[in-house]
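Novice: For what it's worth, the working numbering labels the leading residue of the sequence shown as 36, then goes sequentially.
Positions of the beta carbon are idealized from the N, C-alpha and C atoms, including for glycine.
Below is one structure. I have some questions about it.
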Amino acid sequence: MAKQRVKKDRKYGKGARPCARCGAYGPVIRRYNLYLCRHCFREVAPKLGFKKYE
36 MAKQRVKKDR
46 KYGKGARPCA
56 RCGAYGPVIR
66 RYNLYLCRHC
76 FREVAPKLGF
86 KKYE
């Protein structure tokens, strides 16, 4: 079995900011220091006080 490499610490880019809730590195919302991916944000937005306007 091969040895596993240690993950490189990223200073910038998508790999530097995981979601605080699920750990995903994709579309992370950083505004207001939320650091939530868009999927988690949609689930907890009403609890945080965000309202959806049309």
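(1) Secondary structure at leucine 83, three-state DSSP: helix, strand or coil?
(2) Here's the rule: buried if 16 or more other CB atoms are within 10 angstroms of the residue's CB, otherwise exposed. What is cysteine 72?
(3) Where does cysteine 75 fall in DSSP's three states?
(4) Leaving aside the five residues before and after proline 53 along the sequence, list all residues of the same chain whose C-beta is less than 6 Å from its C-beta, in chain order.
Specialist: With the given structure in hand:
(1) helix
(2) buried
(3) helix
(4) Tyr60
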